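Residue numbers (our numbering), protein chains in the order written: chain H, 4 to 179; chain B, 4 to 281.
These notes are about the structure you will find just below.
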């Protein structure tokens, strides 16, 4: 059980990083939005993952995306922050309070957190990721509201993609 | 002692977070102005492999349009061949030459292997490097416009500081009147730029062509840059700001040319010793 979960996360890591670096980074969307999907990896890490491992995994994911496409350090910094937000989230709201069942070994999913809880949890992580990403990238408050628009537009896109993905895998009966 | 250790262990994640974030930020600030070529080489090598597996997903239509563009360009280049020219004394003006007989600029044909458009500092990576004779500071043009200036060069790749960069500044002029100003990019839209320092007594038509001025040795003069879309005049200002629409669609550009000025060294030594011996 432990090893399958580990492998599942490694596969998810590789898949999301490659998807981001090879495909999504090159899609230009109307309104200049960015489609950044790989932080979903941080959202879906197993609940009992140790805090340091969460940080290292999110840093690694960001760093790999940086290698494939872009400004070195940008994704690494934003993803590490996302990992930190996740840890703080579970410190403030311990996972046994958030979860409906007492199974702590699984992945944070609507099935064990409820849709409301799951969305609330993922929006925190994803919005912080996008905040760090866009403000670091622009590195000025010159276009403050435009940057805010990018943050929330792109976060929304990411949340919608996450919901669709989670629903599809649920429908497939595959407990990812 | 035990308590301190326990406290440390409980808050280890904060230390790790600060450490990782510091590493990421150092990476970011060290490379912000110029993405490191070695990282890119590594990245493009991986990406190239995957892209060749997946095949190029560019649509057939787009390729057709691109071929047509290349054919046109080839035709134009053919016309520039010595064999297709009249003896020079019969010609009024020789293109891109500083005297009637000498070639000043040569072009190296290359492709864009990586590009960003939606950042506030956009770079393109070209698949030509030191091995092909590329040097930092050379201009990069495309069939329909200008791309930017070569910034860093590795053995087989080079990164271009594009006109879509917050620090990009290109000397351009209005095609009809010849008045020159500097072109910068205000950010946000990748099809628009701002041309400043045009004196307010100049008459400007909307839709007027903007070309490179040829005042620097980066770009030859007369390369199309864009069209005037709006004239912004602030009361009390002696200079206009013009909103320019780029003639090149940076989203679809693929084949580009690196321009080499054969007289650059001579020109630069002239600039450095304006009054002394050269």
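Heads up, the beta-carbon is just placed ideally off N, CA and C, and yes, glycines get one too.
Note that this is a predicted model, so its numbers are computed, not measured.
Three-state secondary structure (DSSP) of residue 167(B): Residue state, collapsed to three classes: strand.
Tell me whether residue 80(H) is buried or exposed, calling it buried when 16 or more other Cβ atoms sit within 10 Å of its Cβ. With 16 or more other CB atoms across the displayed protein chains lying within 10 angstroms of its CB, residue 80(H) is buried.
Determine, using beta carbons only, whether residue 62(H) comes closer than 9 Å to chain B. At least one beta carbon of chain B lies nearer than 9 Å to the beta carbon of residue 62(H).
If you run the structure through DSSP and keep just helix, strand and coil, what is residue 196(B)? Three-state DSSP puts residue 196(B) in a strand.
For residue 199(B), decide whether its Cβ has a neighbour in chain H, counting only Cβ atoms nearer than 9 Å. Output row for residue 199(B): interface = no.
9 Å is my cut-off, CB to CB: does residue 148(B) come that close to chain H? It does not: the Cβ of residue 148(B) has no partner Cβ on chain H nearer than 9 Å.
Using a Cβ-Cβ cutoff of less than 7 Å, which residues in the same chain neighbour residue 264(B) once the five nearest sequence positions on both sides are dropped? For residue 264(B), where only same-chain residues beyond five positions count, the Cβ hits under 7 Å are 107, 108 and 220.
With residue 227(B) as the anchor, note down where its beta strand (DSSP E) starts and where it stops. 227 to 235 is the extent of the beta strand (DSSP E) around residue 227(B).
Check each residue of the stretch 125 to 143 of chain B: if its Cβ is closer than 8 Å to any Cβ of chain H, include it; give the result in chain order. Within the stretch 125 to 143 of chain B, no residue qualifies.
Using the C-alpha atoms, what's the distance from residue 159(B) back to residue 153(B)? Those two C-alpha atoms are separated by around 13 Å.
Leaving out five residues before and five after residue 19(B) in sequence, what residues of the same chain have Cβ atoms less than 7 Å from its Cβ? None.
Thinking just about the alpha-carbon of each residue, which of 172(B), 231(B), 236(B) and 195(B) is nearest to the one in residue 202(B)? Out of 172(B), 231(B), 236(B) and 195(B), 236(B) has the C-alpha closest to the C-alpha of residue 202(B).
From residue 270(B) to residue 218(B), what distance separates their C-alpha atoms? When the Cα atoms are used, residue 270(B) and residue 218(B) turn out to be separated by approximately 11 Å.
Buried or exposed by the 16-neighbour rule on C-beta atoms within 10 Å, applied to residue 155(B): With 16 or more other Cβ atoms within 10 Å, it is buried.
At a cut of 8 Å, does the stretch 229 to 246 of chain B reach the stretch 189 to 206 of chain B through at least three beta carbon pairs? Yes: at least three Cβ pairs fall under 8 Å.
Who are the near neighbours of residue 35(H) in its chain, counting only those whose CB is closer than 6 Å to its CB and skipping five residues on each side? Cβ within range, chain order: n/a, list empty.
Check the Cβ of residue 365(B) against every Cβ in chain H and list those closer than 8 Å, keeping chain order. No answer is possible for residue 365(B): the residues shown for chain B start at 4 and end at 281.
Against chain B, which members of the stretch 112 to 143 of chain H pass a CB distance test of less than 9 Å? Residues of the stretch 112 to 143 of chain H with a C-beta less than 9 Å from any C-beta of chain B: 139, 140, 141, 142 and 143, listed in chain order.
Helix, strand or coil for residue 51(H) per DSSP? Coil.
Ignore the nearest five residues each way along the sequence and tell me which others in residue 213(B)'s own chain have a CB closer than 7 Å to its CB. Non-local C-beta neighbours of residue 213(B) in its own chain, meaning closer than 7 Å and more than five positions away in sequence, comprise 175, 177, 178, 198, 228, 229, 230, 231 and 247, ordered along the chain.
Are the C-beta of residue 156(H) and some C-beta of chain B separated by less than 9 Å? For residue 156(H), the answer is no, since every Cβ of chain B falls outside 9 Å of its Cβ.
Answer with yes or no whether the minimum CB distance from residue 24(B) to chain H is below 9 Å. Contact with chain H is found for residue 24(B), since one of that chain's Cβ atoms lies less than 9 Å from the residue's Cβ.
9 Å Cβ cutoff, residue 3(B) in contact with chain H: Residue 3(B) is absent from the structure shown; chain B starts at 4 and stops at 281.
For residue 137(H) and residue 13(B), what's the separation of their Cα atoms in angstroms? In this model, residue 137(H) and residue 13(B) are separated by some 31 Å (Cα to Cα).
Which chain H residues are close to residue 123(B), counting only those with a beta carbon under 7 Å from its beta carbon? Near residue 123(B) (Cβ distances below 7 Å), the residues of chain H are 140 and 141.
Tell me whether residue 79(B) is buried or exposed, calling it buried when 16 or more other Cβ atoms sit within 10 Å of its Cβ. Its Cβ having fewer than 16 others within 10 Å, residue 79(B) is exposed.
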